[in-house]
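Residue numbers (our numbering): 461 to 655.
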């Protein structure tokens, strides 16, 4: 494929993904069809099928695009930075609530969980293992799972929608949970010290 063909292909894919996002401002993901996306992008369905042969492939690309646009922070390299990480993470989610809700939909969430969520979980587990080397692998794994949950769009949404907390209260709840989890791991060192 020539450079010109590659640029044209990238432009077409971007047009289709842009059209899908525009449609998702007013409809749910299960209402999104190739026909609607192609019409919105002013591209024929036949052309769309050249780039996305299945709905699954299209949803994979849409998920990757929307997730990248959230620009979520990476897991910090120091455990002491985890409470401020919550503030940064929740602020990013707060800035794009519709995008978050679309990514949490039944059609897209499994794609997030199978890709970036696993990577972030591993990064967090590595951080805790490195910092709390004296803690059992089981305690690290359980704490990692709990921290990873509070460091997610699902938890942010739960605080904001179900508890109806404002953004500051949601952030403070997440930070409190992180501090309590870190205190638990730190206490394991004290409990292993000789009396």
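For every residue, glycine included, the Cβ atom is placed at its ideal position computed from N, Cα and C. It should be emphasised that the depicted structure is a prediction, and the values quoted were computed from it without experimental measurement.
CA-to-CA distance, residue j to residue i, given in whole angstroms
| i | j | result |
| --- | --- | --- |
| residue 655 | residue 613 | Residue confidence is low: residue 655 scores 47 on pLDDT, short of 50, so the model does not pin down where it sits. Its coordinate-derived value is still stated next. Taking the straight line from one Cα to the other gives about 43 Å. |
| residue 463 | residue 511 | 17 Å |
| residue 471 | residue 599 | 48 Å |
| residue 515 | residue 495 | 11 Å |
| residue 584 | residue 502 | 43 Å |
| residue 539 | residue 632 | 17 Å |
| residue 636 | residue 479 | 40 Å |
| residue 507 | residue 550 | 38 Å |
| residue 536 | residue 505 | 43 Å |
| residue 520 | residue 564 | 14 Å |
| residue 544 | residue 638 | 10 Å |
| residue 610 | residue 588 | 15 Å |
| residue 630 | residue 468 | 43 Å |
| residue 487 | residue 572 | 20 Å |
| residue 626 | residue 513 | 42 Å |
| residue 476 | residue 527 | 16 Å |
Residue-level contact to chain D via CB, residue i, 7 Å cutoff
| i | result |
| --- | --- |
| residue 606 | Here chain D cannot be found, since the structure has a single protein chain. |
N-terminal and C-terminal residue of the alpha helix (DSSP H) that residue i is part of
| i | result |
| --- | --- |
| residue 489 | It is not in any alpha helix (DSSP H) - residue 489 carries neither H nor E in the DSSP assignment. |
| residue 557 | 557-563 |
| residue 514 | No alpha helix (DSSP H) contains residue 514, which DSSP labels as neither H nor E. |
| residue 596 | Careful: residue 596 lies outside any alpha helix (DSSP H) and carries neither H nor E. |
| residue 620 | Note, residue 620: premise wrong, no alpha helix (DSSP H); not H, not E. |
Simplified DSSP state of residue i, which is helix, strand or coil
| i | result |
| --- | --- |
| residue 546 | helix |
| residue 625 | coil |
| residue 575 | coil |
| residue 478 | helix |
| residue 655 | Model confidence at residue 655 stands at a pLDDT of 47, short of 50, so the residue's coordinates are unreliable; what they give is reported in the following sentence. Residue 655 falls in the coil class under three-state DSSP. |
| residue 428 | Residue 428 is absent from the structure shown; the chain starts at 461 and stops at 655. |
| residue 529 | helix |
| residue 538 | coil |
| residue 472 | helix |
| residue 508 | helix |
| residue 502 | coil |
| residue 553 | helix |
| residue 567 | coil |
Minimum C-alpha distance to residue i - residue among the options
| i | options | result |
| --- | --- | --- |
| residue 484 | 617, 506, 606, 568 | 568 |
| residue 586 | 571, 605, 570 | 605 |
| residue 552 | 640, 603, 533, 575 | 533 |
| residue 529 | 547, 548, 556, 541 | 556 |
| residue 523 | 531, 610, 562, 608 | 562 |
| residue 473 | 509, 487, 548, 541 | 509 |
| residue 641 | 492, 601, 570 | 601 |
| residue 525 | 575, 547, 542, 566 | 575 |
| residue 559 | 541, 531, 608 | 531 |
| residue 608 | 461, 500, 596, 634 | 634 |
| residue 489 | 518, 597, 596 | 518 |
Subject >> Three CB pairs or more closer than 8 Å across the segment 588-602 and the segment 632-649 >> reply: yes
Original post:
For the 8 Å Cβ check, are there 3 or more pairs between the segment 572-581 and the segment 614-632?
Top reply: Taking 8 Å as the limit for Cβ pairs, the verdict is that the segment 614-632 does not touch the segment 572-581.
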